[in-house]
Each structure stands twice: as C-alpha cells, then as structure tokens.
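K.L.:
Numbering (full-length UniProt numbering), first residue to last: 1 to 494. Ideal Cβ placement from N, Cα and C applies to all residues, glycine included.
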Ligand SMILES: NC(=O)C1=CN([C@@H]2O[C@H](COP(=O)(O)OP(=O)(O)OC[C@H]3O[C@@H](n4cnc5c(N)ncnc54)[C@H](O)[C@@H]3O)[C@@H](O)[C@H]2O)[C@@H](O)CC1
Ligand SMILES: Nc1ncnc2c1ncn2[C@@H]1O[C@H](COP(=O)(O)OP(=O)(O)O)[C@@H](O)[C@H]1O
Ligand SMILES: [K+]
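1. Are residue 41 and residue 209 touching if we call contact CB-CB under 9 Å?
2. Assess contact between the region 414 to 426 and the region 221 to 233, defined as three or more Cβ pairs (one per stretch) separated by less than 8 Å. Is contact present?
3. Suppose the cutoff is 6 Å on Cβ atoms and the five residues either side in sequence are ignored; what does the same chain contact list for residue 113 look like?
4. Taking the Cβ atom as the reference point for each residue, do residue 159 and residue 125 lie within a distance shorter than 9 Å?
5. Apart from the five residues just before and just after residue 194, which ones in its own chain have a Cβ nearer than 6 Å to its Cβ?
6. Which of helix, strand or coil does DSSP assign to residue 161?
7. Please confirm if the region 48 to 57 is in contact with the region 238 to 249, defined as three or more CB-CB distances below 8 Å between the two stretches.
8. Note down the Cα distance separating residue 147 from residue 352, rounded to an integer number of angstroms.
9. For residue 191, I'd like the list of residues in its chain whose CB is within less than 6 Å of its CB, leaving aside the five on either flank, ordered along the chain.
10. My guess is that residue 333 and residue 314 are in contact by the Cβ rule of under 8 Å, so how many angstroms apart are they, rounded?
11. Just to confirm my understanding: we take residue 205, look at its own chain, exclude 5 residues before and 5 after, and list those with CB closer than 8 Å. What are they?
12. Checking 9 Å against the spacing of the C-beta atoms, do residue 361 and residue 398 come in under that value?
13. Sort out for me which residues DSSP pairs residue 407 with in a bridge.
14. Identify, in the order they occur along the chain, each residue of the same chain with its Cβ nearer than 7 Å to the Cβ of residue 78, setting aside the five sequence neighbours on each side.
15. Any contact between the region 423 to 435 and the region 470 to 487? By contact I mean 3 or more CB pairs, one from each, below 8 Å.
16. In angstroms with no decimal places, state the Cα-to-Cα distance between residue 202 and residue 423.
17. Could you check whether residue 479 and residue 297 sit closer than 9 Å to each other, using their CB atoms as the reference points?
18. Cα separation between residue 501 and residue 141?
19. Under the DSSP definition of a beta bridge, which residues are partnered with residue 302?
20. Report the rounded CA-to-CA distance for residue 1 versus residue 217, giving the unit in angstroms.
21. Can you tell me which of the three DSSP states residue 189 falls into?
22. Secondary structure at residue 214, three-state DSSP: helix, strand or coil?
23. When you compare only the Cα positions, how much space is there between residue 230 and residue 408?
24. Which class does residue 1 belong to by DSSP, given the choice of helix, strand or coil?
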C-alpha cells in the first residue's frame, strides 16, 4: 500500500489532526515541513489547473491554513509569479508566524485586510483563510472579503478546505468561499463530500504529502467513498426465476407515477419479474405504458397475501399514502418478513409506528423523512448527516440511505459509505422512486442489503450524471435515467 491507496478513505477532523500529530511526533516530520510540503503540492496543483497564471492573490487566515498560504506565496514568488498576500490579522502559532516571515524575507509584502477595500487583480485567487480549524460562521468582515473574492471572478484554489465549510460535517454555518478546485492535504476529510460542501469544494484533489504507510497503522477511516462497481456477468443458462421477483406496493389515488417509476426501475435494474400492487384505477395505464410490469388490483391485505407469496423482495412505499389502505398494506407487507426497500410513505408510517426491522431491509429517507424517523427537525439532520444516518441504521436495525447531495449509506454497526456522484438535475420528482426500484432489483438478484444499497446508490447517481451530460441538468426527468442505468449496470457507458 502507498499513501495514495487511502484516497477512498474518509476521515473526521479529529482523525486528521491525530494523523498530523503522529506525523510530527512519531515520524519526526516537523509541522513546518508538512506546511512546506502542502504549499509545494498546492503550487503544483495551481500550475496544473492554470498553467498560464502569472499573478496570484493569496488570502491568509491567522492559523496554519494561512501558513500554507504564506509558504505557497513565497514559493510562487521564487518561481517568478507575482504574488499578492492579504492577511486576516496577526498569525498565530509558531509555524504560521514562521511561514509569514519566510514570505516577507523573500521580499513579499503582506497587506492586512481592514474590513473593506479593493482586492488585487489576479489570474488565480488562493484561499488560505481557514481549514480544518474553522469553528463557527465567518464573521461579517470575513464574509465581506469572501464576497469580494467571489465578485472578482478569478478562479479560486482552496487550500485544504473551502473557507466556511465545516470539514467534519459538510455544513456551511454562514458564508463560504466557493472554490473551483480544492487541494486537500494528507487525508480526505469526510465533510467535503456531503451536505452543502459539494457546492463549495469544486474539483477535489487529495495530496498525501509523501507520508509513509506507517502513518495509517491502527487508524481506521470513519467512512469510505463509494467506488464504481458492477455485478458479475449472468451465467448463460439462467432463467427469469433466478433473478428474483420484486413486488412494488403503492400508488394510492392520484399517485400512480411513483409506483410506475419504481416498477420500471426494478425492471431496468435487472429483476427477473416485477409485480405492482396498486389501486384498480391505475391498472390500464400501467399495463399499456409498460406491459412487462404485472399490475394487480389490491383493495386490501387479503388481495395482497397471494402476491406476497410469489414475491422475493418488496419495494414498499412510493405513492402508498398514509391512509387506511396504505397502512393496512404496509402492516401486512412488513409482517411477511420478506427483504424490502422502504421509502416515502413507507417511512412516514414507520415514523408513526416505530419498530426494529428484521432481515434484509434498506430504508431510503431524504432529510425530511429522516427527521420524522428521528423525531427532530431537518436542520439537525443537515448539521451532521453522518451521525443521523448512523443513528437511523442503529435505531431501526436496517441499512439506511440518507439521500441528498453526497448520499450516505449506513449500517447498524456504524459503517458508512459516501456517494461522490449525482447532480442537482436530480432534485426533481420521481428520482427517489427510481432509487427504490433499483435497490429492490439488486436485492432480488441476490445482493446483500449493504451491497444492494451501495451499488444502487452509485448506479442511480452515475446514471443521473450520464443523463445530465447528454441534455443538461435542468429539465432532467427521472425516466431519463432508465436507459443510462441499464448501460451502467452492464458495465457500459461510463
Ligand atoms: N501540521 C499540521 O497540523 C498541518 C496543518 N496544515 C494546515 O493547517 C490547517 C489547520 O490549521 P489550524 O488548526 O491552525 O486551523 P485554521 O488555520 O483552519 O484556523 C484556525 C484559526 O482560525 C480561527 N478561527 C476559526 N474559525 C474562525 C471563524 N469562523 N472566524 C474567525 N476566526 C476563526 C481560530 O481561532 C484559529 O486562530 C489545515 O487545514 C491545513 O491547511 C497543513 O499545513 C499540513 C500540516
Ligand atoms: N443536488 C443533488 N445532487 C445529487 N443527488 C441529488 C441531488 N438532489 C437530489 N438528488 C438525488 O435524487 C434522489 C431524490 O430522491 P427524493 O428526494 O426521494 O425524490 P422523490 O421523492 O421526488 O422521488 C435522491 O437519490 C437524491 O440523493
Ligand atoms: K482554505
């Protein structure tokens, strides 16, 4: 293993700080040298992305993130670039003070930020204001500086973390630098991949600073990034009975679309058979739109029972409603003990009547549903998505997919994976119904719940990216993902 093999591992801020300390104390690499390596790596990154840049403006905060900035400016100056440095107050800590002096000894001038004033012209702006040490929302004078940097229009390279983003949770407590590229040092901070962070980090680049493998011994990552995965090719002799039978339950009055999308996604996700248990008024439309779906009129639990006998996996909830009809089907379906994906009103009913789920169960809440399931408000979910996903998985005894930019997959024992794909075009109705169908299809084909959830979330998000590449993000429809989904499932189209 080399340090770069750790790039799919995600760490908390405390863990990253412990790694820094260990590099200094156990490996004997002085903190100042780490700072020099970080600055050198950042300058390489800057020149890779903007090879024609001649003037840079470097914004330095009071801590070590600012120290990285001063040293980058010193190196840039030595390399013949023009570097203007704007500093927020005095530097704190030996390394940051020394870095600032190094820049000044090389002939550079530090301009203190006075709360207002013109910013220098630059081809690239470097954000060295705050890194992992950010503790609270940016104060008004700093927020003003950030707005002016943004208004300057020159691209921004963020050092370690875009200033304003909480690197632990991805939350932005006030305003933040919106970077084009973020070069992050030593280890990937988990918060950069979820919540609000993806909107601020731009392209993420990890620089491990040449630290030896021994640094990671005994340090278990807090979470992991999903990787591209596919299923093994099908044996030539299989028949439809080998690929599972998904029963999608839902579609109360007026919500036929949700259950149809779910059923279609289960078909495109490779399930051998897909049945739909729904209201009678939807049958004709479902059959004519997608004849491969076996649509059944279900008025109540008795009509559901024979369908449950034939099914191997349930997709429970899209368009189910929370009325008497939906509630009765929900109870009967849960009592069957079949592996299942629970979504939408299936989750809202669970919030009303909490219980531990047994067997293979995947819950797919968006933050609103997650808040209902945990009895808190949505803001609390956003404040720490990692904690919320873990608590949901533990409390309900199931695999949980906490949806939204940077979807998380969590299991009751605490393992968490983060999805790096997906795009804002997917913030449109029906996308969640599709995910439910995909995960159900993967369960039906024999995946374990964790694998089905991880693979399903990854396929869904990558299908969204592929579809958006074709026609753009705005106006992306859930059903646009069905064809790319099929390609990706078969290892094509990436
Ligand atoms: N040896 C190390 O620890 C290394 C650290 N490195 C850099 O150092 C950074 C961490 O440095 P620090 O721990 O000094 O933290 P930061 O430089 O991120 O910020 C800490 C400083 O900012 C202040 N502060 C925090 N939030 C504020 C807010 N909202 N408004 C105003 N002031 C605020 C704190 O009081 C403190 O003075 C990393 O992100 C990375 O860039 C790198 O040089 C690599 C090695
Ligand atoms: N900005 C975004 N970036 C990445 N993925 C997104 C974004 N917005 C939504 N998604 C994904 O789209 C899906 C939306 O699901 P959901 O909110 O349940 O929608 P619906 O109920 O309309 O089907 C989720 O998988 C979510 O992760
Ligand atoms: K920064």
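P.N.:
On the basis of the data shown:
1. Contact flag set, yes.
2. Three or more pairs of CB atoms, one per stretch, sit closer than 8 Å, so the region 414 to 426 contacts the region 221 to 233.
3. Only residues of its own chain outside the window of five on either side were considered, and among them 86, 88, 145 have a CB closer than 6 Å to the CB of residue 113, listed in chain order.
4. Not in contact: residue 159 and residue 125 (Cβ atoms no closer than 9 Å).
5. These residues qualify, in order along the chain: 170, 385, 406, 418.
6. Residue 161: coil per DSSP, three-state reduction.
7. Of all C-beta pairs linking the region 48 to 57 to the region 238 to 249, fewer than three are shorter than 8 Å, placing the two stretches out of contact.
8. Computed Cα separation, rounded: 44 Å.
9. Counting only Cβ-Cβ distances below 6 Å, and skipping sequence neighbours, we find 166, 167, 168, 169, 170, 197.
10. Yes, residue 333 and residue 314 are in contact; Cβ-Cβ is about 6 Å, under 8 Å.
11. 45, 181, 182, 183, 184.
12. It is a contact, given that the beta carbons lie within the stated cut-off.
13. Residue pairing by DSSP leaves residue 407 without any beta bridge partner.
14. Residues 106 of the same chain have their beta carbon placed closer than 7 Å to that of residue 78, with the five preceding and five following residues left out of the count.
15. With a cut-off of 8 Å, the region 470 to 487 and the region 423 to 435 count as touching, because enough Cβ pairs lie within range.
16. Taking the straight line joining both Cα atoms gives about 13 Å.
17. No; because the gap between Cβ atoms is not below 9 Å, this pair is not in contact.
18. Since the first residue shown for the chain is 1 and the last is 494, residue 501 is missing from the structure and cannot be characterised.
19. The partner list for residue 302 (beta bridge, DSSP) is empty, contrary to what the question assumes.
20. Confidence at residue 1 is low in this model, with a pLDDT of 49, below 50, so the placement of that residue should be treated as unreliable; the coordinate-derived value is given next. Rounded to whole angstroms, the gap between the alpha carbons of residue 1 and residue 217 is 11 Å.
21. The answer is strand: DSSP assigns residue 189 an E or B state.
22. In this structure, residue 214 counts as helix in the three-state DSSP scheme.
23. Computed Cα separation, rounded: 19 Å.
24. In this prediction, residue 1 scores a pLDDT of 49, lower than 50, which makes its location untrustworthy; the coordinate-derived value is nonetheless stated afterwards. Coil at residue 1, not helix or strand.
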